[in-house]
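Here is the structure we will look at.
Protein chains in written order, with this note's numbering: chain F, 1 to 331; chain H, 1 to 189.
Structure follows, in structure tokens:
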């Protein structure tokens with residue numbers, strides 16, 4: 001048989017696809033037992049994420065109706081409409097959503113993937129880390145042995161692995177550290193912005209070591225990397241954001257959610273300005289979200305967990321394509 | 001030459017780095033949870049064969065390298081350069097010792113070789129996978145030994161030395177796999 005004759009078949013094996021279905025059922029049972037409501041929100045929105053490092057797919061609606069000709073963006077996460085539900089009084093909610101990110105493909109990325117996203121009213125980011133731990137432990141029980149979880153602040157992480165303080169290092173310090181590590185520094189790294197340098201060191205020197213055989217949480221990010229997290233004043237102020245790693249794989253990103261509409265608008269506008277400086281198109285800001293924040297978001301924490309990566313780890317695979325029936329190249 | 005975005009990177013793509021042509025061996029996309037994405041790329045220097053790792057910011061570009069593989073006929077060696085001919089247009093090209101490298105000992109006049117050209121100049125030469133050559137010198141085999149076990153060195157017409165079975169004699173014609181440097185069989189004239 002020629003190879004082309006089997007190209008229509010799923011990439012993932014049946015064991016992986018059955019495991020995916022089992023994990024989805026377990027997740028729904030976990031939240032049902034905790035009275036967290038499952039919700040669905042639109043994948044298409046008139047607004048997009050302003051983060052310069054995220055690229056939304058877009059399309060144009062061709063009618064019928066008054067929305068004729070409207071530009072619509074496929075969501076990169078269901079965060080904005082879920083916060084509108086929270087502001088409207090939903091209480092704690094979760095969603096299993098297919099999301100879309102242009103320009104992302106590799107062993108750990110597919111342009112279309114599944115996020116488990118949930119919000120807990122009254123939780124801060126540490127309480128939510130407790131719940132993430134319980135869920136992931138339950139899902140991996142009997143599938144992957146785990147040592148006791150650990151939590152490290154972003155500062156402790158860089159001090160442990162690279163012996164530098166990420167909040168006080170300058171670009172030249174980070175560049176020197178990268179050189180000492182023997183990293184090939186990409187051309188065109190900015191001289192006035194430390195974040196891409198921190199990202200370079202994190203992805204190349206630290207991530208592969210992170211969470212080996214255990215859940216490793218990293219929390220309290222530099223204010224410049226807070227995204228949609230609230231800032232905690234201090235010296236320096238930090239973003240109340242966390243990431244979860246397991247076996248070198250980034251699994252989840254969470255926030256103690258920012259509820260300040262004015263601060264959120266300022267961040268959106270700054271990111272749009274940054275997009276334009278980078279030659280990227282500015283995108284429409286989510287005005288309904290800002291209106292919802294303005295009316296009052298309950299104190300809450302939220303997290304998005306990459307389900308394909310979790311299935312990959314539970315199945316003992318090394319790429320998410322092995323647990324997706326039809327990854328982008330055969331979609 | 002075209003420029004390529006990291007989004008177009010894939011194995012085999014030829015790009016320029018620090019003035020040298022490279023071929024991409026492996027391309028890995030890495031991204032922190034939020035923030036700058038990178039492409040970690042393994043590339044092979046087409047002049048030296050060395051493989052190194054380079055990182056690009058995702059979305060950045062690299063200049064393409066004008067590198068093509070062509071089939072050329074080997075003509076002769078003038079003592080310093082190896083002369084080849086393009087059988088399509090009869091254009092002649094010369095390659096130096098660096099480009100010819102280990103292929104030199106397998107080159108027999110009129111052989112068709114795969115030659116990698118960089119900006120139109122031979123960068124590397126691959127000998128045909130199999131060559132047919134005459135043995136010019138080898139020790140006489142032991143009488144009665146036809147098993148081929150053990151073997152002995154034999155010098156070929158180009159100077160290459162290969163191990164051949166004991167029963168193979170000077171003046172005989174053999175087939176050799178140039179990728180492994182191993183004897184394959186005798187060839188009946």
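Built from N, CA and C at the ideal position, the CB exists for glycine as well. All values derive from a computational prediction rather than experimental measurement.
(request) Starting from the beta carbon of residue 225 (chain F), find every residue of chain H whose beta carbon is closer than 8 Å, and list them in chain order. (result) Working through the first chain from its first residue, we reach residue 225 (chain F) at position 225. Simply 34, 35.
(request) Compare the beta carbon distance of residue 125 (chain F) and residue 30 (chain F) with 9 Å and say whether it is the shorter of the two. (result) If you number the first chain from 1, residue 125 (chain F) lands on position 125. If you number the first chain from 1, residue 30 (chain F) lands on position 30. For residue 125 (chain F) and residue 30 (chain F), no; Cβs fall outside 9 Å.
(message) According to DSSP, is residue 14 (chain F) part of a helix, a strand, or is it coil?
(response) Mapped onto the first chain, residue 14 (chain F) falls at position 14. Residue 14 (chain F) falls in the helix class under three-state DSSP.
(message) If we define contact as Cβ-Cβ less than 9 Å, is residue 202 (chain F) a contact residue for chain H?
(response) Taking the first chain and counting its residues from 1, one reaches residue 202 (chain F) at position 202. Chain H, which has a Cβ nearer than 9 Å to the Cβ of residue 202 (chain F), makes this yes.
(request) Answer with yes or no whether the minimum CB distance from residue 8 (chain H) to chain F is below 9 Å. (result) As a first step, residue 8 (chain H) must be located in the second chain, where it is residue number 8. Output row for residue 8 (chain H): interface = no.
(request) Determine which residues of the stretch 20–33 of chain H have a Cβ less than 9 Å from any Cβ of chain F, and write them out in chain order. (result) Only 27, 28, 29, 30, 31, 32, 33 from the stretch 20–33 of chain H bring a Cβ to less than 9 Å from some Cβ of chain F.
(message) Could you check whether the Cβ of residue 57 (chain H) sits closer than 9 Å to any Cβ belonging to chain F?
(response) Counting from one through the second chain, the residue named residue 57 (chain H) turns up at place 57. For residue 57 (chain H), the answer is yes, since a Cβ of chain F falls inside 9 Å of its Cβ.
(request) Would you please verify whether the beta carbon of residue 78 (chain F) is less than 9 Å from any beta carbon of chain H? (result) As a working mapping, residue 78 (chain F) is identified with position 78 in the first chain. Chain H has no Cβ within less than 9 Å of the Cβ of residue 78 (chain F).
(request) Could you run through the stretch 160–193 of chain F and flag, in chain order, every residue whose CB is less than 9 Å away from some CB of chain H? (result) Cβ contacts with chain H: 183, 184, 185, 186, 187, 188, 189.
(request) List the residues of chain F whose Cβ lies closer than 7 Å to the Cβ of residue 54 (chain H), in chain order. (result) Here residue 54 (chain H) refers to the residue found at position 54 when the second chain is read from its first residue. Within chain F, the residues near residue 54 (chain H) are 184.
(message) Does chain H have any CB closer than 9 Å to the CB of residue 51 (chain F)?
(response) Along the first chain, one-based indexing puts residue 51 (chain F) at 51. Output row for residue 51 (chain F): interface = yes.
(message) Buried or exposed, going by whether 16 or more other CB atoms sit within 10 Å of the CB of residue 59 (chain F)?
(response) For the purposes of this step, residue 59 (chain F) is taken as residue 59 along the first chain, with counting starting at 1. With a threshold of 16 other beta carbon atoms within 10 Å, residue 59 (chain F) falls short and is exposed.
(message) Our contact map puts residue 152 (chain F) next to residue 218 (chain F) with C-beta atoms below 8 Å; I'd like the distance itself, whole angstroms only.
(response) The residue given as residue 152 (chain F) occupies position 152 in the first chain. The residue given as residue 218 (chain F) occupies position 218 in the first chain. With 8 Å as the limit, residue 152 (chain F) and residue 218 (chain F) qualify as a contact, their Cβ atoms being about 6 Å apart.
(request) Reducing DSSP to helix, strand and coil, say where residue 62 (chain H) ends up. (result) Start at 1 with the first residue of the second chain, and residue 62 (chain H) comes out as number 62. Strand.
(request) Report buried or exposed for residue 207 (chain F), applying the criterion of at least 16 other Cβ atoms within 10 angstroms of its Cβ. (result) Mapped onto the first chain, residue 207 (chain F) falls at position 207. Its Cβ being crowded by 16 or more others within 10 Å, residue 207 (chain F) is buried.
(request) Give the residues of chain F in contact with residue 60 (chain H), contact being defined as C-beta atoms less than 8 Å apart. (result) Residue mapping note: residue 60 (chain H) aligns to position 60 of the second chain, counting from 1. Within chain F, the residues near residue 60 (chain H) are 186, 187, 188.
(request) State the DSSP-derived secondary structure class of residue 201 (chain F), mapped to helix, strand or coil. (result) For the purposes of this step, residue 201 (chain F) is taken as residue 201 along the first chain, with counting starting at 1. Residue 201 (chain F) falls in the helix class under three-state DSSP.
(request) Could you tell me which chain F residues have their CB closer than 8 Å to the CB of residue 194 (chain H), listed as they occur along the chain? (result) The displayed coordinates of chain H run from 1 to 189. Any statement about residue 194 (chain H) would go beyond what the structure contains.
(message) For the stretch 252–265 of chain F, list every residue whose C-beta sits within 7 Å of some C-beta in chain H, in sequence order.
(response) For the stretch 252–265 of chain F, the residues whose beta carbon sits under 7 Å from a beta carbon of chain H are, in order, 253.
(message) Using CA atoms only, rank isn't needed, just tell me which of F:310, F:312, F:291, F:258 is closest to residue 121 (chain F).
(response) Against the first chain, residue 121 (chain F) aligns to sequence position 121. Relative to the Cα of residue 121 (chain F), the nearest Cα in the group F:310, F:312, F:291, F:258 belongs to F:258.
(request) Could you tell me the distance, in whole angstroms, from the CA atom of residue 93 (chain F) to the CA atom of residue 331 (chain F)? (result) Here residue 93 (chain F) refers to the residue found at position 93 when the first chain is read from its first residue. Here residue 331 (chain F) refers to the residue found at position 331 when the first chain is read from its first residue. Cα to Cα, the separation comes out at about 31 Å.
(message) Just to confirm my understanding: we take residue 327 (chain F), look at its own chain, exclude 5 residues before and 5 after, and list those with CB closer than 6 Å. What are they?
(response) Here residue 327 (chain F) refers to the residue found at position 327 of the first chain. Same-chain partners within the cutoff: 11, 110, 321.
(request) Out of H:179, H:21, H:121, point me to the one whose CA is closest to residue 105 (chain H)'s CA. (result) Position 105 of the second chain holds residue 105 (chain H). Residue H:179 holds the alpha-carbon nearest to the alpha-carbon of residue 105 (chain H) among H:179, H:21, H:121.
(message) Short of 7 Å in beta carbon distance, which residues of its chain neighbour residue 298 (chain F), apart from the five on each side in sequence? Order them along the chain.
(response) In the first chain, the residue the question calls residue 298 (chain F) occupies position 298. Excluding positions up to five away in sequence, the list reads 86, 121.
(message) Can you tell me whether residue 27 (chain H) is helix, strand or coil according to DSSP?
(response) For the purposes of this step, residue 27 (chain H) is identified with residue 27 of the second chain, where counting begins at 1. The answer is strand: DSSP assigns residue 27 (chain H) an E or B state.
(request) Tell me, please, whether the CB atom of residue 104 (chain F) is closer than 9 Å to any CB atom in chain H? (result) Here the question's residue 104 (chain F) lines up with position 104 in the first chain. Yes, contact with chain H.
(request) Please report how far the alpha carbon of residue 137 (chain F) lies from the alpha carbon of residue 27 (chain F), in whole angstroms. (result) Position 137 of the first chain, counted from the first residue, corresponds to residue 137 (chain F). Position 27 of the first chain, counted from the first residue, corresponds to residue 27 (chain F). Residue 27 (chain F) has its alpha-carbon roughly 12 Å from the corresponding atom of residue 137 (chain F).
(request) Could you please give me the residues that DSSP links to residue 95 (chain F) through a beta bridge? (result) Indexing the first chain from 1 puts residue 95 (chain F) at position 95. Residue pairing by DSSP places residue 95 (chain F) opposite F:117 in a beta bridge.
(message) Just list the residues that DSSP pairs residue 130 (chain F) with in beta bridges.
(response) The sequence position of residue 130 (chain F) within the first chain is 130, counting from 1. According to DSSP, residue 130 (chain F) bridges with nothing at all.
(request) Taking only beta-carbon positions, decide if residue 155 (chain F) is within less than 9 Å of chain H. (result) To locate residue 155 (chain F), count along the first chain from 1; it is residue 155. No - not a single Cβ of chain H is within 9 Å of the one on residue 155 (chain F).
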